[in-house]
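Student: This is the structure I have questions about; it appears just below.
There are 4 protein chains.
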Amino acid sequence: MNEVRIGVIGTGVMGTDHARKLAGGIPGARLTAVQDFAADRASALAQELGVLAIAEADALIADAEVDAVLVCSPDGTHAALGLKAIAAGKPVLIEKPVAAERGEVEALMRAEMAAGRKLVQVGYMRRFDPGYAEMRRVVASAEVGSPLFMHCQHRNESSPSYLTSELIIANSAGHEFDAARFVLGEEIVAATVISPPEPRHAPGRQPQFIVLQSASGTVVDIEVYTDARYGYDVQAELVCEEGTVRLRPGPPTSLRHAARDGLVVPPDWRARFADAYRLQFESWVRSIVTGQSNEGSTAWDGYMTLLVTEACLKAWSTGNRIAVEQPERPAFYQG
Amino acid sequence: MNEVRIGVIGTGVMGTDHARKLAGGIPGARLTAVQDFAADRASALAQELGVLAIAEADALIADAEVDAVLVCSPDGTHAALGLKAIAAGKPVLIEKPVAAERGEVEALMRAEMAAGRKLVQVGYMRRFDPGYAEMRRVVASAEVGSPLFMHCQHRNESSPSYLTSELIIANSAGHEFDAARFVLGEEIVAATVISPPEPRHAPGRQPQFIVLQSASGTVVDIEVYTDARYGYDVQAELVCEEGTVRLRPGPPTSLRHAARDGLVVPPDWRARFADAYRLQFESWVRSIVTGQSNEGSTAWDGYMTLLVTEACLKAWSTGNRIAVEQPERPAFYQG
Amino acid sequence: MNEVRIGVIGTGVMGTDHARKLAGGIPGARLTAVQDFAADRASALAQELGVLAIAEADALIADAEVDAVLVCSPDGTHAALGLKAIAAGKPVLIEKPVAAERGEVEALMRAEMAAGRKLVQVGYMRRFDPGYAEMRRVVASAEVGSPLFMHCQHRNESSPSYLTSELIIANSAGHEFDAARFVLGEEIVAATVISPPEPRHAPGRQPQFIVLQSASGTVVDIEVYTDARYGYDVQAELVCEEGTVRLRPGPPTSLRHAARDGLVVPPDWRARFADAYRLQFESWVRSIVTGQSNEGSTAWDGYMTLLVTEACLKAWSTGNRIAVEQPERPAFYQG
Amino acid sequence: MNEVRIGVIGTGVMGTDHARKLAGGIPGARLTAVQDFAADRASALAQELGVLAIAEADALIADAEVDAVLVCSPDGTHAALGLKAIAAGKPVLIEKPVAAERGEVEALMRAEMAAGRKLVQVGYMRRFDPGYAEMRRVVASAEVGSPLFMHCQHRNESSPSYLTSELIIANSAGHEFDAARFVLGEEIVAATVISPPEPRHAPGRQPQFIVLQSASGTVVDIEVYTDARYGYDVQAELVCEEGTVRLRPGPPTSLRHAARDGLVVPPDWRARFADAYRLQFESWVRSIVTGQSNEGSTAWDGYMTLLVTEACLKAWSTGNRIAVEQPERPAFYQG
């Protein structure tokens with residue numbers, strides 16, 4: 001197996017985390033270059049990790065030492081950079097969301113289809129979380145029957161002030177939409193949104209309650225509460241005809257101390273999804289080496305998640321149940 | 001403290017359970033008489049417990065040895081029997097639902113108000129379950145902030161064949177409606193219903209997903225699945241601004257056996273709510289003796305639960321979000 | 001069923017709790033009198049509960065309004081008061097320990113045998129805790145095989161300064177000894193004691209680790225830590241040939257708040273064993289009315305627990321494994 | 001960072017697992033050769049993984065394509081192969097136990113000290129399990145005070161017929177001895193052993209209950225039950241002055257099905273300790289590349305675990321509490 005040489009575009013919090021992980025932590029992968037619009041930030045990280053700092057994203061994509069590209073730059077640049085990677089014939093893993101506009105994802109899919117092979121993976125890492133993977137396995141095996149409900153809760157400890165009620169739907173909820181499609185193995189066809197009051201400590205944005213329905217009728221309800229104070233907490237219970245599967249929180253120990261018996265809740269997603277990120281990278285690298293597709297989100301998955309998001313936004317602004325558009329799935333993205 | 005002498009109308013499964021509990025198990029209470037339309041059934045129970053079997057419900061209500069009446073007869077008879085107890089000036093605990101028609105409850109409230117004291121309690125025993133009581137306490141104390149969401153799941157192992165999709169809303173969900181009103185301490189103002197597919201082993205009825213919203217905006221979602229196979233399971237998580245409270249299942253032990261580590265799930269509600277039933281009876285008896293009101297459901301609570309039910313049925317048949325009628329609350333039922 | 005009229009001797013913390021519970025909270029029971037060496041304390045409680053305050057314990061035992069006696073006075077008086085109750089032919093429930101000296105319990109047993117019926121119950125209330133009762137049922141049914149191990153932990157939040165390393169064995173561990181005998185259904189035959197260091201915040205007394213072995217070889221290990229700071233916590237896991245049963249903590253809800261997800265640990269035993277105390281009283285009253293024996297500790301049980309205690313104290317002072325004396329069990333106490 | 005080329009000696013169940021993991025799954029490592037006394041078995045695995053099959057262990061150790069050696073051969077060969085690896089100046093990871101005889105480990109330590117650098121790591125992988133690592137961190141930080149107790153349970157689903165009561169102490173318990181030393185950060189000084197009866201389905205061997213005490217007095221009790229039927233289960237609770245830390249079982253989901261709510265218990269250690277094995281290999285490879293020591297067991301650790309084992313065997317055969325020999329720790333193995 002040859003080593004896959006990876007370049008990282010965007011060295012903010014997440015890009016830096018990822019770059020460090022790729023620098024020696026993923027078998028078969030080698031980090032070779034980093035780039036950021038803030039050149040100093042990229043240089044410092046490059047020096048720390050002993051890799052190249054490249055000034056321009058285009059140059060990084062084109063670099064002969066770069067076999068594959070990880071895009072962690074601001075959301076608005078994702079699709080354009082993905083297109084360039086496709087043009088260079090290089091596999092690209094794009095942090096979610098793959099694009100802000102549906103036209104951008106359509107362009108991405110057209111380019112990828114024209115290239116004749118799947119080059120795009122979208123960074124919905126929960127697909128590699130052992131808990132979601134087990135839920136998907138249970139659905140696929142039908143060992144406790146078909147799914148009827150999927151109850152999801154997504155809570156952040158706190159959120160930046162620019163986050164609005166709308167962005168909670170447009171951005172924070174995206175992981176849940178992709179996870180539901182992944183676990184259920186089918187498309188979402190309708191969306192309803194109901195908003196509880198604003199919490200006093202986070203005025204100006206409402207938590208959201210989103211109810212989706214899948215093609216075969218499974219009801220998926222999603223609480224998104226981005227200011228939950230007590231910590232980062234992602235829960236899900238899949239209810240099938242004859243049994244239910246529930247995610248368990250991850251800490252390897254429980255603590256009895258100070259009149260409490262239980263778990264420490266982490267402040268953010270890093271500890272909770274550390275395994276998922278690692279397994280996502282391992283799977284991505286393996287798929288590049290073997291040329292075989294993996295469980296990761298494709299451009300099509302990114303597209304359908306965007307259409308679900310659009311329906312939710314409309315459901316939210318109108319108060320109505322909104323159908324999710326169902327474009328025909330190209331054969332290229334079947335199976 | 002004088003003993004309260006109780007007569008039980010209806011000796012089906014639940015009435016029989018209740019009668020046995022009242023025959024020596026509730027301090028300050030004494031069972032004195034039972035009645036059932038199936039006279040044999042009542043006689044056998046009366047003999048077992050050493051009490052009177054009375055042929056007619058009216059006679060039981062009128063009996064000098066009966067201070068208070070417990071109504072466990074078929075649903076359709078509840079309101080009429082309640083009216084008779086009020087007419088006799090005797091406290092009456094009516095199994096839920098208090099009535100099938102709103103006019104019946106209105107008549108009950110009018111009679112009770114005319115009598116000048118609260119004589120009716122509706123048997124929503126979850127109000128006496130220590131878990132729901134703790135949730136209510138947390139809301140009232142605001143110690144983790146105001147409520148934003150309440151997620152509820154209600155699952156039965158299996159259900160009789162007469163149960164329809166409509167009855168799941170009209171009957172099975174009632175406990176959840178009352179519990180939400182009790183925990184949140186305010187009225188429900190709107191309802192949405194979304195139905196997943198019928199499970200293959202229970203064709204002809206769909207599980208239901210009901211989303212309510214309370215006066216101050218709290219979103220209450222309720223899964224009702226009456227054919228869950230694995231057992232009887234009632235869950236709830238109350239999400240407040242700064243923390244959440246979740247019901248824990250009741251078994252006093254966990255078991256590791258046969259490749260499983262966890263709890264035995266009971267087949268029905270009796271073990272799960274044994275304490276709630278006992279505490280409900282104790283509280284009822286105490287309120288009779290002291291003349292002070294308790295946490296139990298009043299006729300007004302039964303009425304509002306009926307209006308929520310009506311809104312849910314309309315939401316289900318139309319697919320729309322339906323406002324719950326909000327009649328003015330009589331001063332008699334304030335506080 | 002006639003009412004059992006109960007007199008309580010000793011109105012300290014526990015006696016007061018018990019008296020309040022008996023005053024209207026236990027079906028079939030009526031509190032009629034209280035007594036304490038501090039007459040004021042008894043009078044105040046008597047007034048609160050509307051019962052007689054009797055100045056002398058002897059007079060209470062003799063009182064015509066007292067059918068049965070609950071002894072909650074200081075430990076050193078237990079056995080003598082028990083003897084007087086037997087002499088008066090009245091059932092007596094004695095808080096643990098039944099006596100400090102084996103001669104006292106022997107006298108109690110002789111008196112009881114002479115009286116020809118079991119009048120003494122010792123207040124090891126864990127026998128009525130649903131968790132321990134389930135463990136006993138599992139052993140008796142052999143449904144997961146025979147017991148091999150029983151792991152027990154007993155932790156108090158803090159303890160009074162008079163508690164010594166010796167008293168931790170002589171007094172705090174007693175509940176565990178009785179519980180092990182109850183669950184396993186056989187005698188303890190040997191004891192080993194190993195002491196960890198004194199915690200810095202409770203100098204002068206060591207926690208204790210006691211290893212018992214039952215007649216058929218089951219190993220019972222008991223941690224007793226009386227200054228655990230985080231709260232009151234009693235755990236047990238019974239390991240049988242094919243499975244294990246573990247006590248679950250009792251709270252009806254769990255809480256996610258302030259970076260923790262789990263249970264609130266209570267500061268003392270009252271919440272943890274509230275049900276056990278209630279069920280113990282109900283069972284005692286029922287056994288008085290019906291004349292049938294119950295699951296409660298007999299004088300024999302109190303005696304054997306005392307012999308286990310003596311062996312533990314010797315094991316502790318010598319560092320050796322010590323055999324527990326096994327006197328012949330009188331036929332009176334069989335079965 | 002250069003790649004570490006690894007040769008595996010012994011391709012039984014565990015060696016095969018390890019070889020597959022090293023063949024591409026550990027960053028910075030490359031599997032280059034395998035060897036087994038059953039040449040066919042080695043050849044088949046070599047072919048599967050695309051590496052060399054080498055007929056003799058000596059040749060593998062000497063091979064120029066092998067930078068480091070993993071010893072998974074039968075226990076009796078561990079020490080001799082370790083010595084040869086030291087002689088060749090190659091780092092060697094030896095599956096536990098490092099040796100059967102203390103003289104062998106002494107020879108290994110002498111050789112390693114003569115070589116002037118630590119070349120031996122013993123495969124007690126629990127040191128890399130996130131749960132044990134957290135326990136060690138809690139002890140080292142003293143954030144809930146000093147340790148008083150450590151309660152450990154080690155259960156296998158079933159065991160091969162050659163396993164005897166003696167081997168349960170000599171072999172199965174070894175992981176617990178090393179884990180206790182690792183978590184507590186100090187030596188074990190005394191041992192007591194008490195044996196419950198043989199389970200009926202595994203006659204001829206008794207489960208064991210081992211009580212150790214550490215240098216500062218912490219009591220460590222260990223249940224070893226190798227025929228627990230319900231699955232593989234390793235538990236531990238560390239009790240410190242002000243709080244306790246408990247291992248949580250690992251599954252990422254819980255299941256409600258067939259009247260049970262809880263976790264699936266795995267049949268063996270592979271799923272439970274998959275992360276620990278991976279992290280152990282990663283840490284070993286990193287320590288080879290950087291030349292810095294890691295958290296892994298050293299030859300000294302293997303030696304002290306052997307002395308604890310010897311004391312336990314003597315405690316078991318005599319029924320007495322036995323002191324563990326405390327040889328002086330060479331400066332080479334300090335810190």
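Residue numbers (full-length UniProt numbering), protein chains in the order written: chain A, 1 to 335; chain B, 1 to 335; chain C, 1 to 335; chain D, 1 to 335.
Just so you know, even glycine gets a beta-carbon here, dropped at the ideal spot from N, CA and C.
Express the C-alpha separation of Y225/C and R181/D in angstroms, rounding to a whole number.
Tutor: Here the question's residue 181/D lines up with position 181 in the fourth sequence. Here the question's residue 225/C lines up with position 225 in the third sequence. The alpha-carbon atoms of R181/D and Y225/C are separated by roughly 22 Å.
Student: E241/D and L148/D look like a contact to me (Cβ under 8 Å); what is the Cβ gap, rounded to whole Å?
Tutor: To locate residue 241/D, count along the fourth sequence from 1; it is residue 241. To locate residue 148/D, count along the fourth sequence from 1; it is residue 148. Indeed they touch by this definition, with Cβ atoms about 6 Å apart.
Student: Apply the 10 Å Cβ neighbour rule to T309/C and answer buried if 16 or more other Cβ atoms are within range, or exposed otherwise.
Tutor: Indexing the third sequence from 1 puts residue 309/C at position 309. Counting Cβ neighbours within 10 Å, T309/C comes out buried, since at least 16 surround it.
Student: Can you name the residues of chain A whose CB is closer than 7 Å to the CB of P251/D?
Tutor: Locating residue 251/D in the fourth sequence gives position 251, counting from the first residue. Within 7 Å Cβ-Cβ: R248.
Student: Looking only at its chain, what residues have a beta carbon closer than 8 Å to the beta carbon of A62/C, apart from the 5 residues adjacent to it on each side?
Tutor: Here residue 62/C refers to the residue found at position 62 of the third sequence. Here the set comprises A88.
Student: State buried or exposed for N156/D, treating a residue as buried only when at least 16 other CB atoms are found within 10 Å of its CB.
Tutor: Within the fourth sequence, the letter at position 156 stands for residue 156/D. Buried.
Student: Given that Y225/D touches chain C, what residues does it touch there, using C-beta distances under 8 Å?
Tutor: Locating residue 225/D in the fourth sequence gives position 225, where the first residue counts as 1. Those are L148, F149, V239, listed as they occur along chain C.
Student: Would you say T218/D reaches chain C, if we count a Cβ-Cβ gap shorter than 8 Å as a contact?
Tutor: Locating residue 218/D in the fourth sequence gives position 218, counting from the first residue. Yes - at least one Cβ of chain C is within 8 Å of the one on T218/D.
Student: DSSP on A19/A, reduced to helix/strand/coil?
Tutor: Working through the first sequence from its first residue, we reach residue 19/A at position 19. Helix, per DSSP.
Student: Any idea what DSSP makes of G145/D, helix, strand or coil?
Tutor: To locate residue 145/D, count along the fourth sequence from 1; it is residue 145. Residue state, collapsed to three classes: strand.
Student: What whole-angstrom Cβ distance do D227/D and H201/D have, given they're in contact under 8 Å?
Tutor: Counted from its first residue, the fourth sequence places residue 227/D at position 227. Counted from its first residue, the fourth sequence places residue 201/D at position 201. Contact flag correct, Cβ pair sits at about 6 Å.
Student: Rounded C-beta distance between R321/A and A190/A? I'm assuming under 8 Å.
Tutor: In the first sequence, counting from the first residue as 1, residue 321/A sits at position 321. In the first sequence, counting from the first residue as 1, residue 190/A sits at position 190. Right, their Cβ atoms sit about 6 Å apart.
Student: Taking just the CA atoms, how far does V139/D sit from Q292/C?
Tutor: If you number the third sequence from 1, residue 292/C lands on position 292. If you number the fourth sequence from 1, residue 139/D lands on position 139. Rounded to the nearest angstrom, the two C-alpha atoms are 53 Å apart.
Student: Given 8 Å as the limit, is there contact between the segment 321-330 of chain A and the segment 38-51 of chain B, that is, 3 or more CB pairs closer than that?
Tutor: No: the two stretches stay apart, fewer than three of their Cβ pairs being nearer than 8 Å.
Student: With a threshold of 16 other CB atoms inside 10 Å of the CB of A114/A, please say whether the residue is buried or exposed.
Tutor: Taking the first sequence and counting its residues from 1, the one referred to as residue 114/A is at position 114. By the neighbour-count rule (16 or more Cβ atoms within 10 Å), A114/A is not buried but exposed.
Student: Report the residues of the segment 266-277 of chain A with a CB closer than 9 Å to any CB of chain C, ordered along the chain.
Tutor: Of all residues in the segment 266-277 of chain A, P266, P267 have a Cβ within less than 9 Å of some Cβ in chain C.
Student: Which stretch, first to last residue, makes up the beta strand (DSSP E) that contains F209/A?
Tutor: Here residue 209/A refers to the residue found at position 209 of the first sequence. It spans 208-214 - the beta strand (DSSP E) in which F209/A sits, taken as one unbroken run.
Student: In the DSSP assignment, the alpha helix (DSSP H) including G103/B goes from what residue to what residue?
Tutor: Here residue 103/B is taken as the residue at index 103 of the second sequence, counted from 1. Its alpha helix (DSSP H) spans residues 102-115.
Student: Which value, in whole angstroms, describes the spacing of the CA atoms of F37/D and A299/D?
Tutor: Translated into the one-based positions of the fourth sequence, residue 37/D becomes position 37. Translated into the one-based positions of the fourth sequence, residue 299/D becomes position 299. Approximately 25 Å, taken between the alpha carbons.
Student: From the DSSP secondary-structure annotation, give me the bridge partner or partners of M150/D.
Tutor: The sequence position of residue 150/D within the fourth sequence is 150, counting from 1. DSSP output for M150/D lists V220/D, L238/D as bridge partner(s).
Student: Could you check whether the Cβ of E242/D sits closer than 8 Å to any Cβ belonging to chain A?
Tutor: What you label residue 242/D is simply residue 242 of the fourth sequence in a count that begins at 1. Yes, because at least one Cβ of chain A sits closer than 8 Å to the Cβ of E242/D.
Student: Is I188/D close to chain C? Criterion is C-beta to C-beta, closer than 8 Å.
Tutor: By one-based count along the fourth sequence, residue 188/D stands at place 188. It does not; no Cβ of chain C falls within 8 Å.
Student: Compute the Euclidean distance between the alpha carbons of M1/A and G25/D, then round it to the nearest angstrom.
Tutor: For this step, residue 1/A is matched to residue 1 along the first sequence. For this step, residue 25/D is matched to residue 25 along the fourth sequence. In this predicted model, M1/A has a pLDDT of only 46, less than 50, meaning its place in the structure is not dependable; the value taken from the coordinates is given anyway. If you take the alpha carbons of M1/A and G25/D, they lie about 11 Å apart.
Student: I want to verify the contact list: residues of chain C whose CB lies under 8 Å from the CB of I26/B, in sequence order.
Tutor: On the second sequence, position 26 is the one that residue 26/B refers to. The answer, in chain order, is P27.
Student: Tell me the residue span of the alpha helix (DSSP H) that contains H78/D.
Tutor: On the fourth sequence, residue 78/D is found 78 positions in, with the first residue counted as 1. Residues 78-87.
Student: List the residues of chain A that H201/B touches, going by C-beta distances under 9 Å, in chain order.
Tutor: Counting from one through the second sequence, the residue named residue 201/B turns up at place 201. Ordered by position in chain A, the residues that pass the 9 Å Cβ test against H201/B are G145, E241, E242.
Student: So who's on the other strand from D261/B, going by DSSP bridges?
Tutor: Position 261 of the second sequence, counted from the first residue, corresponds to residue 261/B. Partner(s): R256/B, L263/D.
Student: Any C-beta of chain D sitting closer than 8 Å to the C-beta of residue 337/A?
Tutor: Since the first residue of chain A shown is 1 and the last is 335, residue 337/A is not available in this structure.
Student: Following the continuous alpha helix (DSSP H) through T318/C, name the residue where it begins and the one where it ends.
Tutor: What you label residue 318/C is simply residue 318 of the third sequence in a count that begins at 1. 299-318 is the extent of the alpha helix (DSSP H) around T318/C.
Student: How about D17/C: is its C-beta nearer than 8 Å to some C-beta of chain D?
Tutor: Start at 1 with the first residue of the third sequence, and residue 17/C comes out as number 17. So no, D17/C is outside the interface.
Student: Per DSSP, what kind of secondary structure is I169/D in: helix, strand or coil?
Tutor: On the fourth sequence, position 169 is the one that residue 169/D refers to. Three-state DSSP puts I169/D in a helix.
Student: Note down the Cα distance separating L60/D from Y303/D, rounded to an integer number of angstroms.
Tutor: Walking along the fourth sequence from the start, residue 60/D turns up at place 60. Walking along the fourth sequence from the start, residue 303/D turns up at place 303. If I take the Cα positions, the gap works out to 26 Å.
Student: What separation, rounded to the nearest whole angstrom, lies between the Cα atoms of G10/A and D268/D?
Tutor: Residue mapping note: residue 10/A aligns to position 10 of the first sequence, counting from 1. Residue mapping note: residue 268/D aligns to position 268 of the fourth sequence, counting from 1. Rounded to whole angstroms, G10/A to D268/D spans 43 Å at the Cα level.
Student: Taking Cβ-Cβ distances shorter than 9 Å, what residues in chain D pair up with A80/B?
Tutor: Residue mapping note: residue 80/B aligns to position 80 of the second sequence, counting from 1. Those within 9 Å of A80/B in chain D number zero; the least Cβ separation is about 40 Å.
Student: Sorted by chain position, which residues of the same chain lie with C-beta nearer than 7 Å to R41/C's C-beta, five sequence neighbours on each side aside?
Tutor: Within the third sequence, residue 41/C is the residue found at index 41, counting from 1. Result list for R41/C: T11, in chain order.
Student: Thinking K21/A and F281/A are a contact (beta carbons under 8 Å), I'd like their distance in whole angstroms, please.
Tutor: Indexing the first sequence from 1 puts residue 21/A at position 21. Indexing the first sequence from 1 puts residue 281/A at position 281. Rounded, the Cβ-Cβ distance is 7 Å, consistent with contact.
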